[in-house]
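Numbering follows our numbering, with no gaps: position 268 of the sequence shown is 580.
Glycine residues also receive a C-beta, built at the ideal position from the N, C-alpha and C atoms.
Since we're looking at a predicted model, the values are computed, not measured.
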Amino acid sequence: MTKTAIHVDHIARVEGHGNVHVVIEDGVVKTVEMNVVEPARLFESMVRGRSYREVSYISSRICGICSASHVVTDLKAIERIFGVEVTPRTRALRELLVYGSYLQNHATHLFVLAAPDFVGQVSVFPLAETNPELFEQALGLKALGNELCTKVGGRSIHPITAVVGGFTHEISAQEYLELAEKMDAAGAFAAAAVDLFHGFTVPDIATAGDMLAMVEPDYYPVECSNTARFLEAGIEFDANDVEKHLEEYDVPHSAALLARVRDTGTPFFTGALARVNASWEHLGQKAKMAAAKAGLRPPEKNPFMNNVAQAVELVDALDRCAGICRALAEPGAIEGGSEPVSFEVRAGRGVGFTEAPRGALFHDLELDDEGNVVHASIMTPTAQNVANLEADMRLLAEKLVAEGAEEDAIRQEIEKLVRAYDPCLSCSVH
């Protein structure tokens, strides 16, 4: 018997710590495991007993990149419990806040974490020397995301101005216009990024599972909807019913809970690729043209194309946010004010739902009649993705073994696949 064990300890260029173990016997892939070795984060326990006023500030500490998404998701859950309807202007500001984290995350992931895979480098530092202009533009795009989050949320991470019912502060019309101009100026680089990542050669595989994304008629949603859809199963549900359709379960080899479609038992993928597949027709014209040029059209099932989908979202986010900023700068263009609306505290349960940069994010909160947390559950995108990542690693390993690939080649391609998922392994444990 010929046995090959491929171990990748502490996968490089991902957020958090995890290992990969693949066992091949006589040309047959026997074991594929994604071992998340992060300790329990305990954020759900931290918020228990706390006032609704504190919850979003605490949960934002789950992730530095996605902190804006955690804040907005918590606020949406609380507002569903209290029956709060925010103004269109508040929704526009929240969308800007979420998109700020998209610019931060996608620029970092694509150019610092993923790009070295495709140019024969072990890290971004040699790339910074061989192509300093690319490196500087990528950092500039991330800096623009930081600035957007700072202007809207009060600081670049862990926003402080977004509260239940609205915002405590807004910038001036001139600052909105300056942001719009900066986004316009970054658009050409974002479009070039789509071409760049489309030009990289990747294995031809189709993801093993379903895909999950937020959906909304006539819009590319990241915050404005409460409706989720499993694309292949055709199952559409309100976020309050997430536990009826999404099942979490534990495995002995990982500290992260895994997830599957409760109705079908299949794993699923959530993230930029799922969003583009779900809402392709609602992409802005510039993003749609860039995606079509790169051959990214639904149904696209190759998980490596998540890199291209993130680049497409950069184009879309810049274009969309520039438009929102100009509308916010024009009096009366967006209805209502951003000051917190009035509400009454009451007991109940609500699930907040947003599209974080890495995919669908659910915060399930239960409050007592004083607005204190009785129960909390947070389902992050990476926690939902790990089961599907394992299944895709198996498909990739089987393909490479059948093609006679050497052990080092199998290891390298599996690492590329893990990074294409853009995992945050720290956030996957709850």
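- Contact between H470 and Y531 fails: their C-beta atoms lie close to 28 Å from each other, not under 8 Å.
- Contact between the segment 468-485 and the segment 381-398 is present: three or more C-beta pairs spanning the two stretches fall below 8 Å.
- Under the DSSP assignment, M705 falls in the alpha helix (DSSP H) whose first and last residues are P693 to A714.
- Contiguous alpha helix (DSSP H) elements confined to the segment 610-653 occur at 618-641, taking only those with 4 or more residues.
- Distance from V624 to V506 at the Cβ level is roughly 6 Å; contact confirmed, criterion being Cβ atoms closer than 8 Å.
- A distance below 8 Å between beta-carbons, with the five flanking residues on each side excluded, links I517 to the following residues of its chain, in chain order: N614, P615, F616, D704, L707, L708 and K711.
- Residue state for T385 is assigned as helix, using DSSP reduced to three classes.
- Here DSSP, grouped into helix, strand and coil, assigns G607 to coil.
- DSSP, read as helix, strand or coil, puts G671 in strand.
- In this structure S381 does not touch T576 by the C-beta definition: roughly 27 Å separates them, more than the 8 Å allowed.
- When Cβ pairs closer than 8 Å are counted between the two stretches, the segment 597-606 is seen not to touch the segment 487-497, the count staying below three.
- Taking the Cα positions, G466 is about 18 Å away from I636.
- In the DSSP assignment, Y733 falls outside any alpha helix (DSSP H), carrying neither H nor E.
- Using a Cβ distance threshold of 8 Å, V730 and V326 count as a contacting pair.
- DSSP places V506 in the helix class (H, G or I) of the three-state scheme.
- Per DSSP, Y561 lies in no alpha helix (DSSP H) segment; the continuous beta strand (DSSP E) that holds it begins and ends at L558 to Y561.
- Per DSSP, reduced to three states, the secondary structure at L415 is helical.
- Counted as a single uninterrupted DSSP element, the alpha helix (DSSP H) harbouring I370 occupies residues Y364 to S371.
- With contacts defined by Cβ atoms closer than 8 Å, L408 and V464 form a contacting pair.
- Going by DSSP, R325 is part of no alpha helix (DSSP H) at all; its letter is neither H nor E.
- Rounded to whole angstroms, the separation of the alpha carbons of S654 and A404 is 19 Å.
- Residue pairing of K315 in beta bridges, as defined by DSSP: E337.
- Separation of A440 and A567 (C-alpha to C-alpha, rounded to the nearest whole angstrom) is 35 Å.
- Our two residues, L446 and A672, have alpha carbons roughly 30 Å apart in a direct line.
- DSSP places G478 in the strand class (E or B) of the three-state scheme.
- By the Cβ rule, the segment 672-684 does not count as touching the segment 720-734, because fewer than three pairs are nearer than 8 Å.
- Under DSSP, N347 shares a beta bridge with N331.
- With a threshold of 16 other beta carbon atoms within 10 Å, E448 falls short and is exposed.
- Scanning S484, E397 and H333 for the CA closest to the CA of K342 turns up H333.
- With respect to the 8 Å criterion, N618 and L585 are classified as neighbours on the basis of their beta carbons.
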